[in-house]
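Written as structure tokens, this is what we have:
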């Protein structure tokens, strides 16, 4: 990707900040290679090699640490740090091999360090190295999982033809057969009358009287209202 390099003056901090972004993009382009600091300066400011400009850039570069950049002090080089350390199909296979889970990876995240991911993913899918989920609208790869090409064995065309000739029962015949042997299909709706009757039965069972435990005080709770009526006559 070709980019235009910003002009720079030693006091123009905004231009230096912009140059830092160009440097990050340069590291992204060169990934997985590492780039020397002097090469970054030369790339951002071709023809502006003044020491003052280098010092200004260095000051901003060291103070504004970026989580997408890694630094190797032994070689004084910088390297882009994508979300996944993957820059090729071989890297993807190796990443899946070391992965402890079977989670999928989003293709848009892979493209951060692997710009040609989509084309390579199409090839790897045909080779049964990965499983791919695609968008319905444009058919582009959206998610990828690990696959194992050793699980795929060639099948003679004769057996393919035999398999395709096997007639499957229609949904209607399947429902009839399930009903015949006393099974209810998943799409069959329950009888609403039976459902209501069952719910009423449950309610009736719940409405039971309480059990009296303090029987020695039962005479205190007796209803004597009928005797009052008789006394008034």
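In this note's numbering, the protein residues as written are 1002 to 1234.
We put the beta carbon where it would ideally sit given N, CA and C, even for glycine.
Go through its chain and collect everything with a Cβ distance to residue 1157's Cβ below 6 Å, but skip five positions before and after it.
-> The residue labelled residue 1157 in the question sits at position 156 within the chain shown. Within the same chain, residue 1157 has no close Cβ partners at all.
Determine the DSSP secondary structure at residue 1167, reduced to helix, strand or coil.
-> Walking along the chain shown from the start, residue 1167 turns up at place 166. The answer is coil: DSSP assigns residue 1167 none of H, G, I, E or B.
Compute the Euclidean distance between the alpha carbons of residue 1242 and residue 1165, then round it to the nearest angstrom.
-> Nothing in the structure corresponds to residue 1242, since the chain is present only between 1002 and 1234.
Any beta strand (DSSP E) of 3 or more consecutive residues that is wholly inside the segment 1092 to 1148 = 1131 to 1135, 1142 to 1147
Pull up the distance between the alpha-carbon of residue 1170 and that of residue 1180, whole angstroms please.
-> Residue 1170 sits at position 169 when you count from the first residue of the chain shown. Residue 1180 sits at position 179 when you count from the first residue of the chain shown. Rounded to the nearest angstrom, the two C-alpha atoms are 15 Å apart.
According to DSSP, residues forming a beta bridge with residue 1081 | The residue labelled residue 1081 in the question sits at position 80 within the chain shown. Beta-bridge partners assigned by DSSP to residue 1081: 1070.
What distance in whole Å lies between the Cβ atoms of residue 1105 and residue 1112, which are believed to be in contact at a cut-off of 8 Å?
-> Here residue 1112 refers to the residue found at position 111 of the chain shown. Here residue 1105 refers to the residue found at position 104 of the chain shown. That pair is no contact at about 15 Å.
Just how far apart, CA to CA, sit residue 1091 and residue 1132?
-> Against the chain shown, residue 1091 aligns to sequence position 90. Against the chain shown, residue 1132 aligns to sequence position 131. So the alpha carbons of these two residues sit roughly 15 Å apart.
First and last residue of the alpha helix (DSSP H) that includes residue 1041?
-> Position 40 of the chain shown, counted from the start, is the residue given in the question as residue 1041. 1038 to 1045 is the extent of the alpha helix (DSSP H) around residue 1041.
Using 10 angstroms around the beta-carbon of residue 1004, count the other beta-carbons present and answer buried if the total reaches 16, otherwise exposed.
-> Walking along the chain shown from the start, residue 1004 turns up at place 3. Confidence is the limiting factor: at residue 1004 the pLDDT is only 46, short of 50, which leaves the residue's position unreliable, though a coordinate-based value still follows. Flag for residue 1004 reads exposed.
Can you tell which of 1144, 1130, 1129 has the C-alpha that lies nearest to the C-alpha of residue 1136?
-> By 1-based counting over the chain shown, the position of residue 1136 is 135. Of 1144, 1130, 1129, the residue nearest in Cα terms is 1144.
Less than 8 Å separating the beta-carbons of residue 1115 and residue 1088?
-> Here the question's residue 1115 lines up with position 114 in the chain shown. Here the question's residue 1088 lines up with position 87 in the chain shown. Closer than 8 Å, so yes.
Coil, strand or helix - residue 1023 by DSSP | Locating residue 1023 in the chain shown gives position 22, where the first residue counts as 1. In the structure shown, residue 1023 sits in a helix (DSSP, three-state: H, G or I).
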